[in-house]
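Just so you know, we're using our numbering here: the sequence shown kicks off at 345 and counts up by one.
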Amino acid sequence: MLKLTLYALLSILILPIPLAAQNTSKIAPKREFRGVWVATVSNIDWPSKPGLSVDKQKQELIGLLEQHKANGMNAIVLQVRPAADAFYTKSREPWSQWLMGKQGIAPSPGYDPLAFAIKEAHFRGMELHAWFNPYRATMSPNALIHEDHMTRKRPDLFFTYAGKKQFDPGIPEVREYIVQVILDVVKGYDIDGIHFDDYFYPYPVAGQRINDGATFSKYPNGFTNVNDWRRNNVDLLIKQLDDSIHHYKKYIKFGISPFGIWRNSNEDPQGSATNGLSNYAELFADSRKWVKEGWVDYINPQIYFSFTRKAAPFGTLVDWWSNNTYGRHLYIGQAAYLMNQKMEAAWREPDQIPEQVRYIRNNNRVQGSVYFSSKSFSTVARATGDSLRNDLYKYPALPPQMPWLDDIVPNKPQQLTADAMDDGVHLKWMKPLKAEDDETASGYVIYRFEEGEPIDILNAKNILKISFEDFTSYIDTGVEKGKRYNYLVTALDRLKNESEPSGPVGILAKQDPMPQ
C-alpha cells in the first residue's frame with residue numbers, strides 16, 4: 345500500500361424505503377461501509393514485529409479490533425498475501441516472513457491467523473476482507489526466499505523491476521495460478537470479501553523498464569501495442585477472478601483499491617480534472633473499465649489528497665468516481681497516515697478527514713470509506729479516531745447491500761423472549777425459517793428502545809448489538825435497574841440483507857431488593 349513514497353512520487357509527477365435500505369440520514373446513516381486496512385507487509389500494522397508468540401499475536405489483533413470497533417468501523421481489510429506468501433494455513437505458498445521472522449516458518453500447530461481474525465471480527469460485527477497482492481513476489485533484491493517460494497520453483501514466471509521480482513501478468517499460467525491461490529481462501533475460509541490494492545504493473549522508477557518483451561511476443565492476444573496488451577492482461581485476471589469467486593460463493597464481495605486517478609482530463613476527456621500519475625497510463629490498470637463491466641462489486645480508490653491539493657483535489661476525485669460507479673459500490677480510500685505530516689498544511693488541520701467524511705456522506709453515490717492504515721489511529725491520527733468514535737461513527741452501521749449479488753431478504757427470527765436477571769436482560773430467540781435462497785441467518789441485529797421511545801429500526805442510534813455470527817442469545821448488561829425497555833431482533837444473511845423484526849418484547853429491568 346502506498347505511503348510516503350506515493351506522496352513523493354506525486355510531487356514529482358505533478359505538473360418508500362424498504363426495511364434494510366440505506367438510511368438517507370447524513371448524521372448517522374444506518375448503512376455505511378467503514379473499513380480499515382491492516383497491513384502485514386514489513387509489519388506495518390500487525391503483527392508489530394515478526395517472531396511474536398501466538399498468544400501475543402492474538403492479543404495484538406484483539407486489541408486492534410477492539411480499537412477499530414470502538415471507533416465505529418465495520419470492516420477489516422487484512423493483508424493475507426503480501427509477497428507470494430501466506431498468513432493462513434490452507435495455502436500452496438510458504439508462510440510469510442513477517443509472521444515468524446523467516447519465510448516458511450509456521451506458527452504453533454493449530455493456530456491459523458486468518459481463521460482467528462475472521463472469528464474475532466465477526467464476533468464484533470465486522471466483515472473480514474482478505475487482501476491479496478496479486479503480482480508482487482519479493483520486496484528487495486536481498487530477500488531470503490524459502491525453497492518452496494514460486495520464484496525458486498518457477499523463475500520463468502517472473503520479471504525483475506527495480507530489484508523486486510514480480511509475476512509476469514502476460515503469462516496465462518500466471519493468471520491461472522493467482523486465481524487458484526485466491527480460490528484456496530475463497531473455498532477454505534469464512535471471509536466476506538476478496539480485496540486487491542493498487543499494485544498491478546509496477547509504479548514507474550526512473551531508469552527502469554519492464555522486461556516482458558518475450559512474453560508479449562509469445563502471447564500477443566491480437567495486440568500490437570504493448571501498453572494496451574498490458575492493460576488487457578490485468579483485465580483478464582480481474583474478469584476471471586470475478587467469475588471464479590462468485591461461482592464458488594456468490595456472497596463473497598470482490599473489490600479493488602486502485603490509485604486515486606484513473607486518467608487525467610488532459611489525457612482523456614472522460615478523465616478527472618486532475619494532473620498526476622494515472623492508473624491507465626503508468627500502471628496499465630483500467631480501473632474504470634472494471635466497474636463499467638461489472639467485474640468488481642466495489643471500487644475503493646485511494647484518494648490520499650486534501651481538499652486543497654491543487655493537482656488532485658479530494659472533492660474533484662470523489663465527484664468524478666461517483667459519476668463513474670455504474671451501479672457498483674464506491675468506497676473512498678482515506679489517508680489517516682497523512683494526518684499531522686509537515687509536507688502540506690492541510691493535513692495539520694484536525695478537521696481534514698472529518699470534513700472528507702461529511703463530503704462523502706453528501707453524495708448518495710458513495711457508500712463509505714476505508715482508512716490507511718490501522719496503526720495510524722494509534723499514532724498520527726488519534727484525534728481522527730476520536731472524531732469518528734464520538735461523532736461521525738458514534739452509532740453502529742451495517743455494510744450497504746449488494747442487490748446484484750443477493751436481494752432476497754431472510755425470514756425474521758422466531759420466539760423472541762426477554763428475562764430480567766441480576767446481571768441484565770437475557771434475550772433468546774430461534775433461528776428464522778429458511779428463505780427462498782435457502783439461507784437462514786448468518787448474523788443478527790438487536791435493537792433496544794426505552795419506554796416511550798418510538799419503535800424505529802431505521803435509526804442507527806437504536807442498534808444495541810450487531811454480530812455476524814449465528815448466536816441466538818444475548819445479555820444486555822447496560823440496562824438501568826427498574827427501567828422498562830422494548831427489544832427487537834432482526835436476522836442478517838451473508839450479504840447483510842435484513843429481515844423484518846421479531847418482537848417487540850417489553851421487559852422491566854430487575855430492581856435491587858428493597859432493604860429489610
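Cβ coordinates follow ideal geometry from the N, Cα and C atoms, glycine included.
As the structure is a prediction and not an experimental result, all values here were calculated from the model.
The Cβ neighbour count for A419, taken over all protein chains shown within 10 Å, is at least 16; the residue is labelled buried.
In the structure shown, the three-state DSSP call for H539 is strand. Exclusion of the five residues before and after A550 leaves no residue of its chain whose Cβ lies closer than 8 Å to its Cβ.
Within the model, the alpha-carbon separation for P698 versus W691 is close to 12 Å.
Within the DSSP secondary-structure output, S817 pairs in a beta bridge with K772. S717 carries a coil assignment under DSSP once its states are collapsed to helix, strand and coil.
Per DSSP, K594 has no beta bridge partner at all. Short of 6 Å from the beta carbon of W665, and not among the five residues preceding or following it, lie these beta carbons of its own chain, in chain order: P645 and L674. Counted as a single uninterrupted DSSP element, the stretch harbouring P848 is not any alpha helix (DSSP H) but the beta strand (DSSP E) occupying residues S846 to L852. The continuous alpha helix (DSSP H) containing Y521 extends over residues P516 to G532. Around the C-beta of S817, fewer than 16 other C-beta atoms lie within 10 Å, and the residue is accordingly described as exposed.
Taking the C-beta atoms as reference points, Y455 is found no nearer than 7 Å to V529. Pairwise C-beta distances place the stretch 588-601 in contact with the stretch 635-651, as three or more of them are shorter than 8 Å. Inter-residue distance for N415 and V710 is about 20 Å (C-alpha atoms, whole angstroms). Between R436 and F476, the CB-CB gap reaches or exceeds 7 Å. The beta carbons of A853 and V823 sit closer together than 7 Å. Taking the Cα of D730 as reference, the smallest distance to any Cα among P694, T652, F716 and D763 is reached at P694. Scanning the stretch 412-459 for uninterrupted beta strand (DSSP E) segments of 3 residues or longer gives 419-425, listed from N- to C-terminal end. Listed in chain order, the non-local C-beta contacts of D534 below 7 Å within the same chain comprise I462, local neighbours out to five positions each way being set aside. By the criterion of a C-beta distance shorter than 6 Å, A383 is surrounded in its chain by M345, D389, Q423 and S717, once the five residues flanking it on both sides are discounted.
Contact between N755 and S811 does not hold, since their C-beta atoms are separated by about 18 Å, which reaches or exceeds 8 Å. Contact check between the stretch 784-802 and the stretch 829-839: three or more CB pairs, one atom from each, fall below 8 Å, which counts as touching. When DSSP states are grouped into helix, strand and coil, S622 belongs to the coil group.
Nearest in C-alpha terms to F502, of all of K583, L488, I489 and V518, is V518. Per DSSP, reduced to three states, the secondary structure at V833 is strand. Sequence-distant Cβ neighbours of L808 in its own chain, meaning closer than 7 Å and more than five residues away, are I790, Y791, R792 and D820.
Secondary structure of K809 (DSSP, three-state): strand. In its chain, beyond the 5 residues on either side, I752 have a beta carbon closer than 7 Å to the beta carbon of E780. Separation of R575 and Q401 (C-alpha to C-alpha, rounded to the nearest whole angstrom) is 39 Å.
It is roughly 12 Å from the alpha-carbon of E376 to the alpha-carbon of K840. Taking 7 Å as the cut-off, the Cβ atoms of Y648 and A679 count as close. The bridge partners DSSP lists for F793 are N830. Per the coordinates, the alpha-carbon of S440 lies some 8 Å from the alpha-carbon of A428. A Cβ-Cβ separation of about 5 Å places T660 in contact with A617 under the 8 Å criterion. N734 is bridged by DSSP to nothing; it lacks a bridge partner. Per DSSP, Y505 is one residue of the beta strand (DSSP E) stretching across F502 to Y505.
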